[in-house]
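S.K.:
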Amino acid sequence: MKPAAFEYHAPSTATEAVTLLAELGEEAKVIAGGQSLVPMLALRLAVFDHLVDLRKPSELRGIEVRAESVRIGAGNTHASVGGSEQVRRAVPLLSRATPHIGHFQIRNRGTIGGAIAHADAAAEYPVVALTLDAAIETLSPRGARTIAASDFFTGMWSTDLEADEIVTGIEFPVWHGRCGYAIEEFTRRSGDFAMAGAAIAVRLDADSRIDRCAIGLFGLAATPVRARAVEKDLLGRPAAEISAREIGTAATASLEPSSDVHGSAEYRRRVGAVMVARAWQRAIAEASND
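All residue numbers for the sequence shown refer to the UniProt record's numbering, where the first residue is 1 and numbers rise by one.
1) Looking at the unbroken alpha helix (DSSP H) that takes in Ser150, where does it start and where does it end?
2) Threshold first: 3 residues or longer. Then list the beta strand (DSSP E) segments lying entirely within the region 104–180, N to C.
3) Let me know the secondary structure DSSP gives Ala283 once reduced to three states.
4) Tell me which residue opens and which closes the alpha helix (DSSP H) that Arg237 is part of.
5) What is the DSSP secondary structure of Leu217, reduced to helix, strand or coil?
6) Tell me which same chain residues have a C-beta within less than 6 angstroms of the C-beta of Ala285, skipping the five on either side of it?
7) Of all the alpha helix (DSSP H) runs that stay within the bounds of the region 225–265, which reach a length of 4 or more residues?
8) Using the Cα positions of Phe193 and Thr187, report the straight-line distance between them to the nearest angstrom.
9) Looking at C-alpha atoms only, which residue of Thr15, Leu41 and Ala28 is the closest neighbour of Ala2?
10) Who are the near neighbours of Val47 in its chain, counting only those whose CB is closer than 6 angstroms to its CB and skipping five residues on each side?
11) Please look up how many angstroms separate the CB atoms of Pro173 and Glu68, rounded, as I've assumed it's under 8 angstroms.
12) For a quick check, are the C-beta atoms of Gly191 and Gly102 less than 9 angstroms apart?
13) Give every residue of the same chain whose Cβ lies closer than 6 angstroms to the Cβ of Gly73, excluding the five residues on either side of it in the sequence, and list them in chain order.
Written out as structure tokens, the structure is:
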């Protein structure tokens, strides 16, 4: 099938883009890499009279390393994020998540801002943003604002963004010290969205006790989620005495995944527990060797 007819707009700046969105109203839709939107348009699962393309604004690109964080422009492709040595050194979890995203064609076109704004609960970048307490920078005709990742994802494919607002960048905090990072996911086929997955960051103190940790889960709820109660319980405990299997079970116990043709809720929960356990083991091993 082909998309329904629409009018194409290519603003040169982010300000022009949000002005257009405000003028055009509900009949307009932002397109960045188009890796999620274009298939929906082609199947006529979505119809818009206007598409506002965000590829031209230069202020939406670039990677800036700051003292305690890394800011990544929303227009950076997955490939540019995954290939950045700056990102690999400063935000390893984000770098390691990138190869899990679709196929190389998708990574060459899709953008980090688009992935965050699309808010698929089974996608990798949203869970990394949540796990690392990233800040989502946005712009609307009313000005700029910053939204904590914990407040940004509000439901399945829904966010705190207003209709005339776009993501301009994402700021990821940089962890220091004896840190380890890992992301694990289970898919039916390579490139598919995850049925269940986990992203983990952990830091050990000089005595190899858990000094800081974050456990993010995806594909198991309407949004990416954090196992905050488990994180709190782990603080101060010797890493060597922690059972990865028990952490996996505890992190997924309260979740209620959906059942579908790919698997039951119980199956997804069990797979999620295994993904947490595997990611925990890898993250602890890396932190212990630092």
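Ideal Cβ placement from N, Cα and C applies to all residues, glycine included.
M.R.: Taking the geometry as given:
1) Its alpha helix (DSSP H) spans residues Ala149 to Phe152.
2) Counting only runs of at least 3 residues, the region 104–180 fully encloses the following beta strand (DSSP E) elements, listed from N- to C-terminal order: 135–140, 143–148, 153–155 and 166–173.
3) Taken through DSSP and simplified to helix, strand or coil, Ala283 comes out as helix.
4) That residue, Arg237, is in no alpha helix (DSSP H); it is neither H nor E in DSSP.
5) DSSP places Leu217 in strand when its eight states are reduced to three.
6) For Ala285, where only same-chain residues beyond five positions count, there are no Cβ hits under 6 angstroms.
7) Runs found: 228–234 and 244–252.
8) A direct Cα-Cα distance of roughly 6 angstroms separates Phe193 from Thr187.
9) Correcting the residue type first, residue 2 is Lys in the shown sequence and not Ala. For Lys2, the closest of Thr15, Leu41 and Ala28 by C-alpha to C-alpha distance is Leu41.
10) Excluding its 5 nearest sequence neighbours in each direction, Val47 has C-beta neighbours in its own chain below 6 angstroms: Ala4, listed in chain order.
11) Their Cβ separation, rounded to whole angstroms, is 6 angstroms, which keeps Pro173 and Glu68 in contact under 8 angstroms.
12) Cβ atoms of Gly191 and Gly102: closer than 9 angstroms.
13) Excluding positions up to five away in sequence, the list reads Leu60, Arg61, Gly62 and Gly169.
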